[in-house]
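Input: a single structure, listed below in structure tokens.
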Amino acid sequence: MAFKQIETQELPDIQSVGTIYEHVETGAKVLYLANDDSNKAFTIGFKTPPYNDNGIAHIIEHSVLNGSEKYPSKEPFVELVKGSLNTFVNAMTFSDKTIYPVASTNKKDFMHLMSVYLDAVFKPNFYDNAQILAQEGWHHHLESAEDNLIYKGVVYNEMKGATASPERQVQQHLTHQLYPNSIYRHESGGNPKAIPSLTQEEFVAFHQTYYHPSNSLTVLYGDIDEKETFAALEDYFSDAGKQSEKVDLSFEPAVPDNAVFEDTYSITAGDNPKGKDYLALGWHVSEPNDVLDMYGLEVLEEILFGNNQSPLKKALLDADIGGDIVGGVADFGYPTGFIITAKYSDASKMTRFKEVVQETLKQLMTEGIDEGLINAALNKITFQTKEAAISEDNPRGVIYAINAYQSWLYDKSPYVNLQFSGYLKELGELAGRGYFEQLIKEKLVNNPLRTAVILKAEPGKSDQFEAKSHQQLQEYKANLSKEEIDKLIAQTQELIKRQEAPDKPEDLAKIPTLTKEDLSTQVEEYPLTDIPFNEGTRFYQAEQFTSGIDYLSLYIDLKDVAAEEYQWLSLLSHLLGKLATEKYDVATLQRQKDLYTGGIYGKIDIYEDKAGQLQPYFILRGKSLESSFEELVTLMQEIMCHTQFENKDEILKITQQLISNFERRINSSSHVLAANRALSQVKSSAKLNELISGMDQFHFLKDIRADLQSDKSKEVTERIMQTVNGLLNKSRLNILYVGEKNRGVLVKEKLQAAFSELPSAELGELAVIKPGAKQHEAYVTAQDVNYVAVASNANDKFDYTGAAKVLATAIRYSYLWNEIRVKGGAYGSLYNHQRTGQFALSSYRDPNIRKTLETYKGLPNYVAQMELSESELLKYIIGTISPMEQPKSAFSKGLTAFSRLKTAVTHEELVYLKEEILAVDSTALQMLNKDLDSVLKESSVVVIGNKGQIETEKDLFDKVYELY
Numbered sequence: 000m001a002f003k004q005i006e007t008q009e010l011p012d013i014q015s016v017g018t019i020y021e022h023v024e025t026g027a028k029v030l031y032l033a034n035d036d037s038n039k040a041f042t043i044g045f046k047t048p049p050y051n052d053n054g055i056a057h058i059i060e061h062s063v064l065n066g067s068e069k070y071p072s073k074e075p076f077v078e079l080v081k082g083s084l085n086t087f088v089n090a091m092t093f094s095d096k097t098i099y100p101v102a103s104t105n106k107k108d109f110m111h112l113m114s115v116y117l118d119a120v121f122k123p124n125f126y127d128n129a130q131i132l133a134q135e136g137w138h139h140h141l142e143s144a145e146d147n148l149i150y151k152g153v154v155y156n157e158m159k160g161a162t163a164s165p166e167r168q169v170q171q172h173l174t175h176q177l178y179p180n181s182i183y184r185h186e187s188g189g190n191p192k193a194i195p196s197l198t199q200e201e202f203v204a205f206h207q208t209y210y211h212p213s214n215s216l217t218v219l220y221g222d223i224d225e226k227e228t229f230a231a232l233e234d235y236f237s238d239a240g241k242q243s244e245k246v247d248l249s250f251e252p253a254v255p256d257n258a259v260f261e262d263t264y265s266i267t268a269g270d271n272p273k274g275k276d277y278l279a280l281g282w283h284v285s286e287p288n289d290v291l292d293m294y295g296l297e298v299l300e301e302i303l304f305g306n307n308q309s310p311l312k313k314a315l316l317d318a319d320i321g322g323d324i325v326g327g328v329a330d331f332g333y334p335t336g337f338i339i340t341a342k343y344s345d346a347s348k349m350t351r352f353k354e355v356v357q358e359t360l361k362q363l364m365t366e367g368i369d370e371g372l373i374n375a376a377l378n379k380i381t382f383q384t385k386e387a388a389i390s391e392d393n394p395r396g397v398i399y400a401i402n403a404y405q406s407w408l409y410d411k412s413p414y415v416n417l418q419f420s421g422y423l424k425e426l427g428e429l430a431g432r433g434y435f436e437q438l439i440k441e442k443l444v445n446n447p448l449r450t451a452v453i454l455k456a457e458p459g460k461s462d463q464f465e466a467k468s469h470q471q472l473q474e475y476k477a478n479l480s481k482e483e484i485d486k487l488i489a490q491t492q493e494l495i496k497r498q499e500a501p502d503k504p505e506d507l508a509k510i511p512t513l514t515k516e517d518l519s520t521q522v523e524e525y526p527l528t529d530i531p532f533n534e535g536t537r538f539y540q541a542e543q544f545t546s547g548i549d550y551l552s553l554y555i556d557l558k559d560v561a562a563e564e565y566q567w568l569s570l571l572s573h574l575l576g577k578l579a580t581e582k583y584d585v586a587t588l589q590r591q592k593d594l595y596t597g598g599i600y601g602k603i604d605i606y607e608d609k610a611g612q613l614q615p616y617f618i619l620r621g622k623s624l625e626s627s628f629e630e631l632v633t634l635m636q637e638i639m640c641h642t643q644f645e646n647k648d649e650i651l652k653i654t655q656q657l658i659s660n661f662e663r664r665i666n667s668s669s670h671v672l673a674a675n676r677a678l679s680q681v682k683s684s685a686k687l688n689e690l691i692s693g694m695d696q697f698h699f700l701k702d703i704r705a706d707l708q709s710d711k712s713k714e715v716t717e718r719i720m721q722t723v724n725g726l727l728n729k730s731r732l733n734i735l736y737v738g739e740k741n742r743g744v745l746v747k748e749k750l751q752a753a754f755s756e757l758p759s760a761e762l763g764e765l766a767v768i769k770p771g772a773k774q775h776e777a778y779v780t781a782q783d784v785n786y787v788a789v790a791s792n793a794n795d796k797f798d799y800t801g802a803a804k805v806l807a808t809a810i811r812y813s814y815l816w817n818e819i820r821v822k823g824g825a826y827g828s829l830y831n832h833q834r835t836g837q838f839a840l841s842s843y844r845d846p847n848i849r850k851t852l853e854t855y856k857g858l859p860n861y862v863a864q865m866e867l868s869e870s871e872l873l874k875y876i877i878g879t880i881s882p883m884e885q886p887k888s889a890f891s892k893g894l895t896a897f898s899r900l901k902t903a904v905t906h907e908e909l910v911y912l913k914e915e916i917l918a919v920d921s922t923a924l925q926m927l928n929k930d931l932d933s934v935l936k937e938s939s940v941v942v943i944g945n946k947g948q949i950e951t952e953k954d955l956f957d958k959v960y961e962l963y
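Residue 95 in numbering that gives the first Met the number 0 sits at position 96 of the sequence shown, and the numbers go up by one each step.
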């Protein structure tokens, strides 16, 4: 037998039976989590320790998916996504491992995905093709002798964006200081300064060393065909031999050399650096053996930093150490750290920062942690873990694989992070015996394995680096001979030729795909009933099996509310549940929420039907076990009706945190921000969303912060109270309940009683919401890459049909993928066409601006000339159906049912859309070129990006703004 069974264990927390197997010849380990989940998953992972900052593990992760022995097309990964019903397909590089997970509910599709991934990781084409490293990692790019020499590469530009984040820089400095004698001091994703040092020889050698079955850990999950699946593994494990040396990631942490390390990060040139420093404290707190303490530290994080009233977070905020404080466990790999970071701070506060932390921790250690606080933290984490175990929104098999690797990678049991209830129960029993106080003492107060980082704001630092890099490249070019320059040009042109060349039909034919017969036009119907609640309002019930959890949402009608109110409404949505009420001070309120509920929070949703009619709601949403439903209703009524808004200091803290959260979004998802901003100039619904969560809201929050710090604070609090009073009206209040059928009457009666004292007033006339001013805009931020978006209103120009959806798939995975990512060097792109007429394109971590806009303009011509074979068309059809088949949790099904009602999308229309998709032909796609052209001609442009590049291309914009 090729595999021998090592051990089997019941895993009731994840409703699975775990069995570990070992491949006899190679020693490769396989964990099979058996259960009846149809969303099958396969993940293969390798220990991939970096030896410097050149990003070799990350670039290999990209490159193995660029063709292999059995599947030699240029990018089997893309072809796979086009023609698969996958529920998840990706690859991920961590600090010490690289994993390749896939999931699918279709058995045939699952085996296809597994086959392509196994061939990719074990038999990639890049050994004999240096152009793959050049494309995915880095290369000197010179198209003609007159051009400036530049660096280009997908990972190179991805990491220019990623490493611009000051939060990421803080963590990298901390790991470098805490673990200077280990692999964890390196940036496994790659530092743009070091990536260009990577050679083809190093690249191949790294893969030969670490991508061997002996160094692999595979996790299988769900209702799989064991015989077929293990045979697929054996095809790649057999005859590989066994590596003589195991990869050992363990090390002995040492006391750091530097008590405080100082560096700078970039803010926009000309920006005021005052109050924009980062301060951080970091401890080494555990290793894979410390299983119970790992769970304990997660609970301790919740105790100390779960909300603004948590003791350590509150102490630091009250001492004005920073405007935003975050802290908790940091999974670095073999070592685990505990980090506390103060944002909006000043380097001079570091001494006081340390003092407040030590004083607060010692006080908790000696006086004891309040029992209620511990119980609340344990209840919150228990609720979250149990809910995650029943949710189908994300592929559980992939999540469990990542959890298993957290211990298995270091030769410990893979089960410890899949058996949470036993450890949480033990922690509850130990809490009364001083466990958490002792944890504070050992892991934080008396722990010598600690360091500190000061990261000062430096205006224009990234611009200076870019200028220096540009100068060095041009000096390098100037020292090249004509023959060497000609060679660089030839290499660049050869790479472009490869990128532009179509795959051979026989290579594409080797990639396994489904057939039309594997597809279905069926659409699951989600039940939704509605009955009167108050006069003119409704009680909606989405009947779902929720494993004893009640999901409750108050939908407060905003259809008569003017656009200028939405910025205040958005702020209000973030304040509710975080301020004192008539009955509870803010600390007690937080504790009650954590003890009895799975969370209560506010938000705003905008529904738009096909006619363009808007139905906006202010929502207060909560969830709890059925046994705590009365407490949930009581808390939601108290929060909605009796929140106190006089505490300007607490409102200021929350506002500061909201600003901080938005700045993190700038670093991570500016392609979405840019697209939404552009849409807000052409669509009323998008304008409301811009006011709620876009750049309009960001600037509003900064104005509110300034007012709260001045003599205008009373005006702010009074305006918030005016806003909430406008919502407290029986004529506005609708209810959505997701849960068991037999509980509907009880839920309705409890809510009617809870909100019986609300006043009742007729709503005003329907508000008229208009899009923003249409103009081409650029927003300067401290990044070295760009996010380039265009958007238009497609109504009456480009219909949302089955053909349009298939075309979207074709454009995403052919034209945009090849032009924006492969040739352009950006990390990715976005194509968004909605039933409501929203149409947007956007690029992610893009070295270009003008070139990307020209690429967008070339779309209609591409579509007009697009001639697809039957097999290519089938792939795009499958890839279009795939997102429509994604599993949903019970709660998500309830929300989907409500959304379908409010957007007037019928079950019959959804079935017809799938029928259109299956019936589409190549000619129908080509004929959409004129529609696409008319949409693009009327589009707005929004760019978020690098100051120097925006200034160079300023003729493209009507307005240029500073963002962050």
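Built from N, CA and C at the ideal position, the CB exists for glycine as well.
Is residue i helix, strand or coil when you go by DSSP?
{"i": "leucine 296", "result": "helix"}
{"i": "valine 940", "result": "strand"}
{"i": "glycine 547", "result": "coil"}
{"i": "methionine 110", "result": "helix"}
{"i": "aspartate 276", "result": "strand"}
{"i": "asparagine 89", "result": "coil"}
{"i": "lysine 151", "result": "strand"}
{"i": "glutamine 521", "result": "coil"}
{"i": "tyrosine 830", "result": "strand"}
{"i": "histidine 175", "result": "helix"}
{"i": "glutamine 4", "result": "strand"}
{"i": "valine 328", "result": "strand"}
{"i": "arginine 449", "result": "strand"}
Give me the Cβ distance between residue i and residue j, rounded to the nearest whole Å; I'm assuming they're in contact under 8 Å.
{"i": "isoleucine 880", "j": "isoleucine 916", "result": "6 Å"}
{"i": "asparagine 964", "j": "proline 501", "result": "Past the boundaries of the shown model lies residue 964; the chain is included only from 0 to 963, so the question cannot be answered."}
{"i": "threonine 359", "j": "alanine 314", "result": "4 Å"}
{"i": "leucine 213", "j": "histidine 57", "result": "The amino acid at residue 213 is misidentified as leucine; the sequence shows serine. That pair is no contact at about 22 Å."}
{"i": "threonine 267", "j": "alanine 781", "result": "5 Å"}
{"i": "aspartate 12", "j": "phenylalanine 419", "result": "6 Å"}
Are the CB atoms of residue j and residue i within a distance shorter than 8 Å?
{"i": "glutamate 761", "j": "serine 730", "result": "yes"}
{"i": "alanine 777", "j": "valine 959", "result": "yes"}
{"i": "methionine 635", "j": "leucine 745", "result": "no"}
{"i": "lysine 558", "j": "glutamine 614", "result": "yes"}
{"i": "arginine 834", "j": "tyrosine 799", "result": "yes"}
{"i": "asparagine 65", "j": "glutamate 78", "result": "no"}
{"i": "proline 974", "j": "valine 784", "result": "Residue 974 falls outside the range modelled here, since the chain spans only 0 to 963, and no answer is possible."}
Exposed or buried, which one is residue i when buried takes at least 16 other CB atoms within 10 Å?
{"i": "glutamine 864", "result": "exposed"}
{"i": "arginine 432", "result": "exposed"}
{"i": "glutamine 170", "result": "buried"}
{"i": "methionine 926", "result": "exposed"}
{"i": "histidine 283", "result": "buried"}
{"i": "alanine 341", "result": "buried"}
{"i": "proline 882", "result": "exposed"}
{"i": "isoleucine 223", "result": "buried"}
{"i": "phenylalanine 544", "result": "exposed"}
Next on the checklist: For a minimum of 3 consecutive residues, which ranges assigned as the beta strand (DSSP E) are wholly contained in the stretch 113–137?
Outcome noted: none
Next on the checklist: What ranges does the alpha helix (DSSP H) occupy inside the stretch 784–828, keeping only unbroken runs of at least 4 residues that lie completely in it?
Outcome noted: 801–809
Checklist entry - In chain order, which beta strand (DSSP E) runs of at least 3 residues are fully inside the stretch 563–631? => result 599–607, 613–624
Checklist entry - Residue ranges of each alpha helix (DSSP H) run of no fewer than 4 residues wholly in the stretch 632–693, ordered along the chain? => result 647–678, 683–692
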